[in-house]
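Peer 1: This is the structure I want to talk about, given as structure tokens.
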Amino acid sequence: MSTIETPVYSEATSRPAPRKVALSHLSVEVGHLYMEDLTNGEDRIRTQFRRVAPWLQALRSAQQAEVTDGKARISTCFLIDDYFRPDTDPSVIMPQLLRIAADCGIEIDYLAREAGCHEADRVQLAEITRGMLLHEPPVGATGSRPAAQKSGWLCNGERTPDSSGGQAMRGSTLWQQPEEFGKRNHSIFLDVEMWKDIPAKGGEPAHRKWSCPFLAAVWQLIRLGALRNNGEPVAQPRPWPTDSWPRTWRELPAVMQLSDRPSPFSAYRVASILPKTYLKIEHAVNVILDHLTLDEAVVTQTAERAVEEGVELPAQLTDRLTNIFIEAVPTVRRW
219 MSTIETPVYS EATSRPAPRK VALSHLSVEV GHLYMEDLTN GEDRIRTQFR
269 RVAPWLQALR SAQQAEVTDG KARISTCFLI DDYFRPDTDP SVIMPQLLRI
319 AADCGIEIDY LAREAGCHEA DRVQLAEITR GMLLHEPPVG ATGSRPAAQK
369 SGWLCNGERT PDSSGGQAMR GSTLWQQPEE FGKRNHSIFL DVEMWKDIPA
419 KGGEPAHRKW SCPFLAAVWQ LIRLGALRNN GEPVAQPRPW PTDSWPRTWR
469 ELPAVMQLSD RPSPFSAYRV ASILPKTYLK IEHAVNVILD HLTLDEAVVT
519 QTAERAVEEG VELPAQLTDR LTNIFIEAVP TVRRW
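In our numbering, the protein residues as written are 219 to 553.
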């Protein structure tokens, strides 16, 4: 199996230019299933892939129409929910998953692990992303609530003012509604939990538990080729034979190349075909991504490459994301 090479580019500057990653025109995430769905027979898996297939074809056709010179570079990927459920067996799950996908006409070029969005190749990707959060205090902040970097909570607007403390002691105050930044007529206010710090208990050390929306935000950064560690690409795909799977997920790379000679894993634009139950999560993902300070050198580099290739690239990162929400398969999991 061949692998996608990541070319190295450097400049004689005080700060080396970030290394480029190969980019497709489009990366398509072909569905998502909770681990409970993957371990409870074939029906849920088959139903979802059957619903994904026509939308995948539509996305391929739409992207090809945008590329006037040559064939569009389009890759597919699938994210495994192993961060919250590492206790399952990939040697049982993966052959079944890939077989059913193939039966439905879907080839998965790349498999990624959600735990790899936390840490990949000993690089703390979630912590790097946390460090990219904007440091400006929200409008109306009084200091009674810690900043997002400390509290683990992030919102898309101005929260209801805190009426606790001295002001409340002097009598009741009028309630003020929260307000969304950039609202259109009315607010859709969202407050997102990005992580929680779990104290030490029963011999277990204290640790940080990342939320699904935050890890999904890291996932989109990786897919868009927008994340670096000291200028170096992160979570780069490694070829993996589809007929050989270990018993534990931690034995696998963060991102695996499964097909032979696919288009690059990262892309100028990404699309995800997901059950509509993920709408709330993807809303939260957009809020998180809109509050990150991206590496300006990477942003400029990607924009220049897009111009060279004649690719129309929105300046706003979240405008490069497309979500298609399909009917959800009944699942044993409930939020």
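Think of the CB as a built atom: it goes at the ideal place given N, C-alpha and C, for glycine as much as any other residue. A quick note: this is a predicted structure, and the numbers were derived from the prediction, not measured.
Excluding five sequence neighbours on each side, which residues of the same chain lie with their C-beta closer than 8 Å to the C-beta of glutamine 519?
Peer 2: Hits under 8 Å: Ala235, Pro236 and Lys238.
Peer 1: Given this structure, state the Cα-to-Cα distance separating proline 482 from leucine 539, to the nearest angstrom.
Peer 2: Near 17 Å, if we compare the C-alpha coordinates of leucine 539 and proline 482.
Peer 1: Grouping DSSP H, G and I as helix and E and B as strand, with all else coil, what is glutamine 314?
Peer 2: Helix at glutamine 314.
Peer 1: Flag this pair as yes or no: are the beta carbons of tyrosine 486 and leucine 241 separated by less than 8 Å?
Peer 2: Yes, these two residues count as a Cβ contact at 8 Å.
Peer 1: Going residue by residue through the region 502 to 541, where are the continuous alpha helix (DSSP H) segments of at least 4 residues, counting only ones entirely within it?
Peer 2: For the region 502 to 541, whole alpha helix (DSSP H) runs of length 4 or above, ordered along the chain, are 514 to 527.
Peer 1: Count the other CB atoms within 10 Å of the CB of glycine 528; is the residue buried (16 or more) or exposed (fewer)?
Peer 2: Label assigned to glycine 528: exposed.
Peer 1: Would you call the CB atoms of alanine 453 and alanine 472 closer than 8 Å?
Peer 2: Contact: yes.
Peer 1: Quick check: the Cα distance between leucine 492 and arginine 465, rounded to an integer number of angstroms?
Peer 2: Straight-line Cα distance between these residues: approximately 27 Å.
Peer 1: When DSSP labels each residue in this structure, what does phenylalanine 296 get in the three-state scheme?
Peer 2: In this structure, phenylalanine 296 counts as strand in the three-state DSSP scheme.
Peer 1: Using only the alpha-carbon positions, how far apart do isoleucine 416 and cysteine 430 sit?
Peer 2: Each residue's Cα considered, the two are about 16 Å apart.
Peer 1: So tryptophan 467 packs on proline 304, CB below 8 Å; how close in whole Å?
Peer 2: Their Cβ separation, rounded to whole angstroms, is 6 Å, which keeps tryptophan 467 and proline 304 in contact under 8 Å.
Peer 1: Classify proline 272 as helix, strand or coil using the three-state DSSP reduction.
Peer 2: DSSP places proline 272 in helix when its eight states are reduced to three.
Peer 1: With DSSP run on the structure shown, which of helix, strand or coil describes lysine 401?
Peer 2: Three-state DSSP puts lysine 401 in coil, outside helix and strand.
Peer 1: Are three or more beta carbon pairs between the region 394 to 410 and the region 294 to 301 nearer than 8 Å?
Peer 2: Not touching, per the Cβ criterion.
Peer 1: Aspartate 409: buried (16+ other C-beta within 10 angstroms of its C-beta) or exposed?
Peer 2: The residue is exposed, with fewer than 16 neighbouring Cβ atoms inside 10 Å.
Peer 1: Which partner residues does cysteine 373 have in the DSSP bridge list?
Peer 2: Per DSSP, Asp409.
Peer 1: Please classify lysine 494: does DSSP put it in a helix, a strand, or coil?
Peer 2: DSSP places lysine 494 in helix when its eight states are reduced to three.
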